[in-house]
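To get this note's numbering, take the position in the sequence shown, counting from 1, and add 1. Written out below as structure tokens is the structure these notes cover.
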Amino acid sequence: MRFVVTAGPTREHLDPVRFLSNPSTGKMGFAVARAAARAGHAVTLIAGPVALRTPQRRPHRGRPTIAGDIRRVDVVSAREMLAAVEAALVAAKDDPQGVALVMTAAVADWRPATCAMTKLKKHAMSGVLKLVRNPDVLKTIRGKVRAWKRKPVLVGFAAETGEPTAEAARKCREKGLAMVVANDVTQPGAGFGVDTNRVTFVLADGIVEPLPLMTKDAVARRIVKKCQTFGGGGGI
Ligand code: CTP
């Protein structure tokens, strides 16, 4: 299969030196890219601004530890991420084994209505920032692939503060996803910046599969396996 994986935050600039963003570090998405490559899949990793190195082919006892290739595309804003995801899916459209889009990225829902070309001076700012909605990457992609013969498997994430399962089921329905990976980012060992996660798989058919606390690498392997079971053309 081909995996298109998004990772990290997006940044929505109001001038060259200021932006709206969130604390996502990209660890979960990079773990999914690594797990998919190790399982032999070709991967396009679309990363917001993060401080992580692209997983590399490294010899391990004489054998490469990563089987598939990882092609990395760096983006900054939500609109750039949408364009990169669309391009990657169009390029992978005819992969006979199917395509999975795994959206771990914490995409900013809003951006400043305008972005100044030069640094805004504080006395020139009113103290009120006008925002406009960003496109929803998953919803937009779902609309675009509707007419495709083989639809990609679409997997979303839901980082919530509090009981995540009901929200994940809503997002799964509204965005037309095969699965949402839900987690409560206020739980110890889960969420932004840590190497572990406690997630629940919420499937389109209503099945809920809670997983124990595990490393993000282990969660990533479970996600890749799940995508394989949805298989090519398994999108809704
Ligand atoms: N997502 C997206 N485009 C956006 C916002 C989110 O594709 N503009 C994706 C995320 O990558 C994630 C899923 O949608 O896989 C859920 O993201 P989340 O921020 O939890 O949900 P929202 O749709 O923003 O909903 P809400 O603000 O109600 O929590």
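Note that the Cβ used here is the ideal one computed from N, Cα and C, for glycine as well. Note that the coordinates shown come from a computational prediction; the quantities given were computed from them, not determined experimentally.
Distance cut-off 8 angstroms: K28 Cβ against heavy atoms of the ligand CTP: Working through the sequence shown from its first residue, we reach residue 28 at position 27. Every heavy atom of the ligand CTP is 8 angstroms or more from the Cβ of K28, so no.
Span of the alpha helix (DSSP H) around T141: Against the sequence shown, residue 141 aligns to sequence position 140. Segment 138-146, the alpha helix (DSSP H) holding T141.
So what does DSSP say about M82, is it helix, strand or coil? As a first step, residue 82 is located in the sequence shown; it is residue number 81 there, counting from the start. Correct three-state label for M82: helix.
Is the beta carbon of S25 less than 9 angstroms from the beta carbon of A85? In the sequence shown, counting from the first residue as 1, residue 25 sits at position 24. In the sequence shown, counting from the first residue as 1, residue 85 sits at position 84. No.
For the ligand CTP, residues whose Cβ lies under 6 angstroms from any non-hydrogen atom: A79, M104, A106, V108, D110, N135, D137, V138, L139, G157, F158, A159, A160, K172
What ranges does the beta strand (DSSP E) occupy inside the segment 101-130, keeping only unbroken runs of at least 3 residues that lie completely in it? 111-113
Between the Cα of H42 and the Cα atoms of L212, C173, D96, which residue gives the shortest distance? For the purposes of this step, residue 42 is taken as residue 41 along the sequence shown, with counting starting at 1. Nearest option by C-alpha distance: D96.
Given this structure, state the Cα-to-Cα distance separating G49 from K226, to the nearest angstrom. Taking the first residue of the sequence shown as 1, we reach residue 49 at position 48. Taking the first residue of the sequence shown as 1, we reach residue 226 at position 225. G49 and K226: Cα-Cα distance of roughly 25 angstroms.
How many angstroms separate the CA atom of A167 from the CA atom of A32? Along the sequence shown, read from residue 1 onward, the residue named residue 167 stands at position 166. Along the sequence shown, read from residue 1 onward, the residue named residue 32 stands at position 31. Rounded to whole angstroms, A167 to A32 spans 26 angstroms at the Cα level.
Can you have a look at S78 and say buried or exposed, based on whether 16 or more other CB atoms are within 10 angstroms of its CB? For this step, residue 78 is matched to residue 77 along the sequence shown. That one is buried.
With DSSP as the reference, label L322 as helix, strand or coil. Outside the shown range of the chain, which is 2 to 237, sits residue 322, and nothing can be said about it.
Would you kindly work out how many angstroms separate the C-alpha atoms of V200 and E164, rounded to a whole number? Counted from its first residue, the sequence shown places residue 200 at position 199. Counted from its first residue, the sequence shown places residue 164 at position 163. Their Cα atoms are separated by approximately 11 angstroms.
Return no unless some Cβ of chain B is closer than 9 angstroms to the Cβ of I142. Reference to chain B is not applicable here, since this structure consists of a single protein chain.
From the DSSP secondary-structure annotation, give me the bridge partner or partners of E164. Start at 1 with the first residue of the sequence shown, and residue 164 comes out as number 163. For E164, which the question treats as bridged, DSSP gives no partner whatsoever.
Which stretch, first to last residue, makes up the alpha helix (DSSP H) that contains F193? Counting from 1 along the sequence shown, the entry for residue 193 is found at position 192. Taken as a continuous stretch (DSSP letters only), F193 belongs to no alpha helix (DSSP H), as it is neither H nor E.
Can you tell me whether T45 is helix, strand or coil according to DSSP? For the purposes of this step, residue 45 is identified with residue 44 of the sequence shown, where counting begins at 1. Strand.
Taking 6 angstroms as the limit between beta carbons, can you name the residues of its chain near H14, skipping five residues before and five after? Here residue 14 refers to the residue found at position 13 when the sequence shown is read from its first residue. The answer, listed in chain order, is F20, C116.
Kindly indicate which three-state DSSP category M180 falls into: helix, strand or coil? Taking the first residue of the sequence shown as 1, we reach residue 180 at position 179. DSSP places M180 in strand when its eight states are reduced to three.
Here's the rule I'm using: 16 or more other beta-carbon atoms within 10 Å means buried, otherwise exposed. How should G236 be labelled? Within the sequence shown, numbered from 1, the residue matching residue 236 stands at position 235. Any reading at G236 is ruled out, since the residue's pLDDT is 44, under 50, leaving its predicted position unreliable.
Give the straight-line distance between the Cα atoms of K140 and V209, rounded to the nearest whole angstrom. As a position in the sequence shown, residue 140 is number 139, starting the count at 1. As a position in the sequence shown, residue 209 is number 208, starting the count at 1. One C-alpha to the other measures close to 22 angstroms.
Which residue's Cα is closest to the Cα of A109: V181, T45, N23, I47? Residue mapping note: residue 109 aligns to position 108 of the sequence shown, counting from 1. Checking every option, the nearest Cα to that of A109 belongs to N23.
When we look at the beta-carbon of V44 and count the other beta-carbons within 10 Å, is it buried (16 or more) or exposed? Along the sequence shown, read from residue 1 onward, the residue named residue 44 stands at position 43. Buried, by the Cβ-count rule.
Between which two residues does the alpha helix (DSSP H) holding R33 run? Taking the first residue of the sequence shown as 1, we reach residue 33 at position 32. The sequence shown places Val at residue 33, not Arg. Where V33 is concerned, the enclosing alpha helix (DSSP H) stretches over 28-39.
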